[in-house]
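K.L.:
In my numbering, the protein residues as written are 80 to 514. Sending over a structure as structure tokens; questions will come in a sec.
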Amino acid sequence: MRYALPPLVHERLRALRERPIEPTEKGFGSLAAGGAISAAALAADRPPLHASGFTYPLLTLRETALHHNVAAMADYCTRAGVALAPHGKTAMSPELAALQLAHGAWGITVATIGQMQAYRAFGFPRLLLANELVDRAGIAWLAGELAADPGFEAYCYVDSVDGVRILDQTLEQHRIKGPGRRLPVLVEIGHADGRTGCRTDEQALAVAKAANAAGTLTVAGVAGYEGSIAGATQAQTLGRVAAFCRRLRALGGAVAQAGPARPIVTAGGSAYFDVVARELTADGAAASQVILRSGAYLTYDHGFYGTVSPAGRGAADAPALRPALELWAQVLSRPEPDLALLGAGRRDAGFDKGLPVPLRVLRGDGRRETGTAGWHVTELNDQHAYLRVDPAAPLAPGDLVALGISHPCTTLDRWRAVVVVNDDGKVTDAVHAFF
């Protein structure tokens, strides 16, 4: 089911689609030199990807995989009885965030006040800052934004009395106008050796008490992040994630005694959201509003998430996701029989969760497509990929290699304009990223 976008989001996205793509954007230099290229123009013209003047390396999004993933996750959340606030930091793209809203997302998650400001600039009406907010300039901006627009909903985390005090004092100095207008906060629950978040239940309840006593805040529920939990085996990791979620669910009920009748309980990255959904809804749909914050599901990948996600683990009833990102790179050199150097590297693709994966080749002689069985990337420099190949493979300088990536978060942040292509190899759109 598709949902209508808020009018302001629709209006600002329309302006973005008409905005010329600058020649400074990777891959667009030759096309954009005349200043006439835009997402709207690409969508209207539908040029062939490899015969339109794009330069390489070039990051692309497969349209069918993208739309399949957003629909599959929306359907999964509906069946699981949870809401979805997809993490906007994955792509920092208002177009992709709008696509998720159009498929029923509850709101958009961000990780920093700067990211919130970026999405707010495009009119997004509900933003969840999944982090503590202690930046006084950022808090002042947020107070002004809330005062200016009664329809804007914002949430952030607290995990200490000191953090509550900073929020309350700064919001009081820049007082939110309007009767009963308070900033809803979520008490963050952490775990040993994890990131932020209260380490004990007693600490969490003390923080909730302090926030409820503050004149500018109200406790809306609890939050946690399970993606940093690890065990010696996959089974042990999943067991620890489940135990953490049970603790989170119980604390949501404890906070509700002094807060909302149906508190928000939120967790769920892109690796274990099936466990999160199961455990956080165990008390029934009426107990709390469960919100997942998965983000990488939208583009998925050929590496890390392809193995640790619910579908990658073979979990029952998991959404079947498809890798959507492909990085096209030219063969620059074939200096040894089993080695080709590609013109793409650390500046173009993530490598923190695995190296790129060769998918297929478009040969220079008529753009004939060939396979890459047995090939693998062994190393990345800033602008080079070392591709080990079959010595008998007819691979030559100028040929194009499509690379799958591992961990979309650290690939997308290297690009500010990404080409969208259909299964016929035609460009159907472009999306912007505001990193």
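Built from N, CA and C at the ideal position, the CB exists for glycine as well. As the structure is a prediction and not an experimental result, all values here were calculated from the model.
Could you pull out every residue in the same chain whose Cβ sits closer than 7 Å to the Cβ of T507, ignoring the five residues on either side in sequence?
P.N.:
A122, R125, E142, V499, V500, N501
K.L.:
With a Cβ-Cβ cutoff of 8 Å, do P435 and G483 count as a contact?
P.N.:
yes
K.L.:
If the criterion is Cβ atoms closer than 8 Å, does the pair L371 and C324 meet it?
P.N.:
no
K.L.:
Among residues of its own chain, excluding the 5 on either side of S307, which ones have a beta-carbon nearer than 7 Å to its beta-carbon?
P.N.:
G273, R274
K.L.:
Tell me whether the beta-carbon of F430 lies closer than 8 Å to the beta-carbon of P389.
P.N.:
no
K.L.:
With three or more beta-carbon pairs closer than 8 Å as the criterion, would you say the region 308 to 316 touches the region 342 to 349?
P.N.:
No, the region 308 to 316 does not touch the region 342 to 349.
K.L.:
Just to check my reading of the structure: P398 and T169 have Cβ atoms closer than 8 Å, yes? What is that Cβ distance to the nearest angstrom?
P.N.:
With a Cβ gap of about 16 Å, P398 and T169 do not count as contacting.
K.L.:
Taking C-beta to C-beta, are T188 and A164 nearer than 8 Å?
P.N.:
yes
K.L.:
Looking only at C-alpha atoms, which of Q409, R98, A227, V354 sits nearest to G393?
P.N.:
V354
K.L.:
Just how far apart, CA to CA, sit F383 and A176?
P.N.:
22 Å
K.L.:
Give the list of continuous alpha helix (DSSP H) stretches no shorter than 4 residues that lie fully inside the region 195 to 275.
P.N.:
With a minimum length of 4 residues, the unbroken runs of alpha helix (DSSP H) contained wholly in the region 195 to 275 fall at 215 to 227, 240 to 252.
K.L.:
If you scan the region 168 to 196 from start to end, which runs of the beta strand (DSSP E) of 3 or more residues do you find wholly inside it?
P.N.:
187 to 189
K.L.:
I'd like the ranges of any alpha helix (DSSP H) spanning at least 4 consecutive residues and lying wholly in the region 131 to 162.
P.N.:
As for any alpha helix (DSSP H) of minimum length 4 sitting wholly inside the region 131 to 162, the runs are 142 to 159, ordered along the chain.
K.L.:
Select from V440, L466, R442 the residue whose C-alpha is nearest the C-alpha of D417.
P.N.:
Among V440, L466, R442, the Cα nearest to that of D417 is on L466.
K.L.:
Give the single residue among K288, A428, A496, D238 whose Cα lies nearest to the Cα of S117.
P.N.:
When only C-alpha atoms are compared, the closest one is A496.
K.L.:
With C-beta atoms as the reference, is A356 less than 8 Å away from L284?
P.N.:
For A356 and L284, no; Cβs fall outside 8 Å.
K.L.:
Is the CB-CB distance between V480 and A408 below 8 Å?
P.N.:
yes
K.L.:
Buried or exposed for E267, going by 16 or more other Cβ atoms inside 10 Å?
P.N.:
buried
K.L.:
Kindly indicate the opening and closing residues of the alpha helix (DSSP H) around P437.
P.N.:
Boundaries for P437: no alpha helix (DSSP H) harbours it, while the beta strand (DSSP E) harbouring it runs 436 to 441, taken from the DSSP string.
K.L.:
Do S109 and H511 have their beta-carbon atoms positioned less than 8 Å apart in this structure?
P.N.:
no
K.L.:
Following the continuous beta strand (DSSP E) through G385, name the residue where it begins and the one where it ends.
P.N.:
Taken as a continuous stretch (DSSP letters only), G385 belongs to no beta strand (DSSP E), being part of the alpha helix (DSSP H) at 383 to 387.
K.L.:
So L87 packs on G269, CB below 8 Å; how close in whole Å?
P.N.:
Not really, about 36 Å apart at Cβ, beyond 8 Å.
K.L.:
Quick one: what's got a C-beta closer than 6 Å to S485's C-beta in the same chain, skipping five residues either side?
P.N.:
D380, G382, F383, K432, G433
K.L.:
Can you tell me which residues form a DSSP beta bridge with E405?
P.N.:
Under DSSP, E405 forms a beta bridge with T139.
K.L.:
State the Cα-Cα distance for the pair N460 and P414, rounded to the nearest angstrom.
P.N.:
16 Å
K.L.:
Are the CB atoms of R493 and D427 within a distance shorter than 8 Å?
P.N.:
Cβ atoms of D427 and R493: closer than 8 Å.
K.L.:
Any heavy atom of the ligand NAD inside 7 Å of the beta-carbon of E142?
P.N.:
Looking at this structure, you won't find the ligand NAD or any other ligand, since it has none at all.
K.L.:
Looking only at its chain, what residues have a beta carbon closer than 6 Å to the beta carbon of L208, apart from the 5 residues adjacent to it on each side?
P.N.:
V189, M195, C235
K.L.:
Determine, using beta carbons only, whether A119 and E97 come nearer to each other than 8 Å.
P.N.:
yes
K.L.:
Taking a contact to mean a Cβ-Cβ separation below 8 Å, would you say L265 touches T295 in this structure?
P.N.:
no
K.L.:
Pull up the distance between the alpha-carbon of L178 and that of P470, whole angstroms please.
P.N.:
44 Å
K.L.:
With a threshold of 8 Å on Cβ separation, who are the neighbours of R82 within its own chain once the five nearest residues in sequence on each side are excluded?
P.N.:
According to the sequence as given, residue 82 is Tyr; it is not Arg. Its chain contains L180, A181, H182, G183 as the residues whose beta carbon lies nearer than 8 Å to that of Y82, once the 5 sequence neighbours on both sides are disregarded; these appear in chain order.
K.L.:
Do R326 and T297 come within 8 Å of each other at the CB atom, strictly closer than that value?
P.N.:
no
K.L.:
Following the continuous beta strand (DSSP E) through R425, name the residue where it begins and the one where it ends.
P.N.:
Run containing R425: none; DSSP gives neither H nor E here.
K.L.:
What distance in whole Å lies between the Cβ atoms of R199 and E224, which are believed to be in contact at a cut-off of 8 Å?
P.N.:
6 Å
K.L.:
Can you give me the start and stop residues for the beta strand (DSSP E) that D368 sits inside?
P.N.:
Checking the sequence shown, residue 368 turns out to be Gln, not Asp. Note, Q368: beta strand (DSSP E), 368 to 371.
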